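I have placed the structure first, in the form of structure tokens, so that the comments after it can refer back to it.
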Amino acid sequence: MAHTYSHLYNIETIGLRFFTVYGPWGRPDMALFLFTKAILNDQPIKVFNNGNLSRDFTYIDDIIDGVEATLLKPSKNKQLYKLYNIGNSQPVQLLDFIKAIEKSTGKTAKKLMMPMQAGDVNRTWANVEQFKTDYDYQPSTSVETGVENFMSWYLAY
């Protein structure tokens, strides 16, 4: 619909796809919240596909930088309709993500290795090359830093 309205009514539209956003005030049904709560309470976490999953974990501040760029900076791309991925563009192994949580909590996770969930995929990541070109987007928060920031917020919250 956005593409059609751009074409018919000469309206600039920009679509943004977010990839595995995490951080303070995030969704409590996401892995970081679930894993953190379980690890802090000495409860097991379910690790699907035996941990053989990768996700493009993107810290909320990097998402905000991308959204602000589309609102405040002129695009180098003069097309009326644009669609961009906003992500870290570097998939992280699920087990490495869990290690970052363990390091941040000072506790070892009790892992229940599970089979792949129906409908899930092995790997996701954002190709942000066009977004970098058009808006100078550069995600900069490592998973370790993002998890540490989250943990400081979570424990205070």
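To convert, take the position in the sequence shown, counting from 1, and add 5; that gives the numbering used here.
Heads up, the beta-carbon is just placed ideally off N, CA and C, and yes, glycines get one too.
Small disclaimer: the values here were computed from a predicted structure and weren't measured.
According to DSSP, residues forming a beta bridge with residue i
{"i": "S59", "result": "Q98, R128"}
{"i": "Y10", "result": "Looking at the DSSP assignment, Y10 forms no beta bridge with any residue, so it has no partner."}
{"i": "Y64", "result": "Y27"}
{"i": "I91", "result": "F23"}
Beta strand (DSSP E) segment containing residue i, residue limits
{"i": "L85", "result": "Where L85 is concerned, there is no enclosing beta strand (DSSP E), given that its DSSP letter is neither H nor E."}
{"i": "F155", "result": "No beta strand (DSSP E) contains F155, which is instead part of the alpha helix (DSSP H) from 148-161."}
{"i": "G20", "result": "18-23"}
For residue i, the three-state DSSP class (helix, strand or coil)
{"i": "K115", "result": "strand"}
{"i": "F136", "result": "helix"}
Whole-angstrom distance between residue j and residue i, CA atom to CA atom
{"i": "D47", "j": "N127", "result": "27 Å"}
{"i": "E153", "j": "A161", "result": "12 Å"}
{"i": "I68", "j": "F155", "result": "15 Å"}
{"i": "K137", "j": "L39", "result": "32 Å"}
{"i": "D101", "j": "F62", "result": "11 Å"}
{"i": "N90", "j": "Q122", "result": "25 Å"}
{"i": "A7", "j": "K51", "result": "39 Å"}
{"i": "G92", "j": "G31", "result": "15 Å"}
{"i": "V97", "j": "T150", "result": "14 Å"}
{"i": "S157", "j": "K108", "result": "13 Å"}
{"i": "K78", "j": "K87", "result": "14 Å"}
{"i": "N82", "j": "N132", "result": "17 Å"}
- [ ] Within the region 26-53, note down every full beta strand (DSSP E) run reaching 3 residues or more, in order along the chain.
- [x] As summarised for the region 26-53, the continuous beta strand (DSSP E) elements at least 3 residues long and confined to that stretch are 49-52, given in chain order.
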